[in-house]
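**Student:**
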Amino acid sequence: MEVHFNPEQEAQLSQIASHAGTDTERLVKDAVLRLLEQDARFRAAVREGIAQADRGNLSKRKRWTRVSSGCLTLDAYPLDANRRSGLAKHLRLPERTRAHLAKPTVIEIRKSVRSLKKFPQRGRMGREESTRELLHRRLPHIIAYRMKHDAVEILHIWHPAQDR
52 MEVHFNPEQE
62 AQLSQIASHA
72 GTDTERLVKD
82 AVLRLLEQDA
92 RFRAAVREGI
102 AQADRGNLSK
112 RKRWTRVSSG
122 CLTLDAYPLD
132 ANRRSGLAKH
142 LRLPERTRAH
152 LAKPTVIEIR
162 KSVRSLKKFP
172 QRGRMGREES
182 TRELLHRRLP
192 HIIAYRMKHD
202 AVEILHIWHP
212 AQDR
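Counting the sequence shown from 1 gives a position; our numbering is that position plus 51.
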């Protein structure tokens, strides 16, 4: 497969590759492989969310609370332990990196999720069949969801750096 870049992009790639101690071809190949791996992890997480929803393990009632460890987490009924720990891990990310951003991040994500009540078609077509993806305009998060009957089911909330 061939990839073509304009001269300005070639110069940027050369500069980055030189700084990283590699050649431009290797740099591009590594970037594409990382992108494919990230996409595979995202798809796997969404498929797990679909499986959870199909088993009836998604919560109908959720509330956000601050726990004693200082991390924001999700109390949900009746989420299974795997889904709860996945969401808790996701919500600890901003807390670990910039504690002052954790609460505003959760608030923004909740606003986005609530907006789906009025505009369920708002998200783009998802990577997995019958799903949609809502991109947050100020955060790098992707909210994967599906519409089933008259309900919106949140399948996964993804942050690109969550598996690093």
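Ideal placement from N, C-alpha and C gives every residue a C-beta, glycine not left out. In this text, all values refer to a predicted model and were calculated from it rather than measured experimentally.
Pull up the distance between the alpha-carbon of Trp115 and that of Phe93, whole angstroms please.
**Tutor:** Per-residue confidence for Trp115 stands at a pLDDT of 38, beneath the threshold of 50, marking its modelled position as unreliable; the derived number appears in the next sentence. Between Trp115 and Phe93, the C-alpha separation is close to 23 Å.
**Student:** Kindly identify the DSSP beta-bridge partner or partners of Ile193.
**Tutor:** BP columns for Ile193 point to Leu186 and Trp209.
**Student:** Please classify His55 as buried or exposed, where buried requires at least 16 other C-beta atoms within 10 Å of its C-beta.
**Tutor:** Under this definition His55 is an exposed residue.
**Student:** In whole angstroms, what is the alpha-carbon distance linking Gly177 and Asp81?
**Tutor:** Rounded to the nearest angstrom, the two C-alpha atoms are 25 Å apart.
**Student:** To which residues of the same chain is Val164 closer than 7 Å at the C-beta, ignoring the five residues directly before and after it?
**Tutor:** Taken in chain order, the residues that qualify are Ile194 and Ile205.
**Student:** Check this for me: beta carbons of Ala71 and Leu78, under 8 Å apart or not?
**Tutor:** Yes; because the gap between Cβ atoms is below 8 Å, this pair is in contact.
**Student:** What does Arg175 pair with, by DSSP beta-bridge criteria?
**Tutor:** Glu184.
**Student:** Using DSSP's beta-bridge definition, name the partner residues of Ala102.
**Tutor:** Paired residue(s): none; Ala102 is not in a bridge.
**Student:** Quick one: grab the DSSP three-state call for Glu204.
**Tutor:** Residue state, collapsed to three classes: strand.
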